[in-house]
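With this note's numbering applied, the sequence shown corresponds to residues 962 to 1121, in that order.
What follows is a single structure, written as structure tokens, with notes after it.
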Amino acid sequence: MEKKKYHAEEIIGAVLLAGMAVLTFLNVINRYVFRKSIAFTEEITVNLFVWITLIGIAMAFRKGANLKMTNLFDRFGPKLQKTATTVAGVIGILIFGFVIVNSCQEIWKNMTFYRTTSEALGIPTWIYSLGTPVFSGMVIWQIARSTFGKPKAGKSGGGE
């Protein structure tokens, strides 16, 4: 089977990062040429930065490049390493599950009760929050895959 060249989180991350770069560049040019800032660019860029952070976490788990205490982990026997990996994976899934539940509750409150809008564009703030549960779901998927998936030869933690 042919190996995938690009993964969904890489493509999404690249598109979002390119969008951020273009918006920021246009804002800088506008600031120096017309002496005025484009207010909405900062609003969008900050929110996209949060999304990219979550995408980066998912990518790190897929590649097995997430933070690990290898100094301690490497001293464990194979059975204890497997247990530590499983416990860490379950804790990670619980944490990001908590993020999903809380962000969905906040989105619901912003849609129904608060009805807040962003200052620069005047759009509902819950739209910016939609990426948090979606990309946290991607993180959970990659944690589960790296924790419970079949580890590759020569690698601990099941990363690529």
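Where a beta carbon is used, it is the ideal one built from N, C-alpha and C, also for glycine.
Predicted, not measured: the structure shown is a model, and the values here were computed from it.
Counting only residues of its own chain and dropping the five nearest sequence neighbours on each side, E1004 has a CB closer than 6 Å to the CB of S1079, A1081.
If you look at Y993, you'll find it in the alpha helix (DSSP H) that goes 969-995. Residue range 1087-1090 is occupied by the alpha helix (DSSP H) that includes S1090.
Under the Cβ criterion (8 Å, minimum of three pairs), the segment 1059-1067 counts as touching the segment 1092-1100.
Residue burial is scored here from C-beta neighbours: V1100 has at least 16 other C-beta atoms within 10 angstroms and is therefore classed as buried. Counting of Cβ neighbours within 10 angstroms places F1010 among the exposed residues, the total staying below 16. The residue from F1109, T1006, F1022, V1060 with its alpha-carbon nearest to that of M981 is T1006.
By the CB criterion at 8 Å, E970 and A1019 fall inside the cutoff. Annotation for R1023: the continuous alpha helix (DSSP H) segment containing it runs 1000-1024.
By the 16-neighbour rule on beta-carbons within 10 angstroms, F995 is exposed. Counted as a single uninterrupted DSSP element, the alpha helix (DSSP H) harbouring T1044 occupies residues 1039-1070.
Residue range 1031-1034 is occupied by the alpha helix (DSSP H) that includes L1033.
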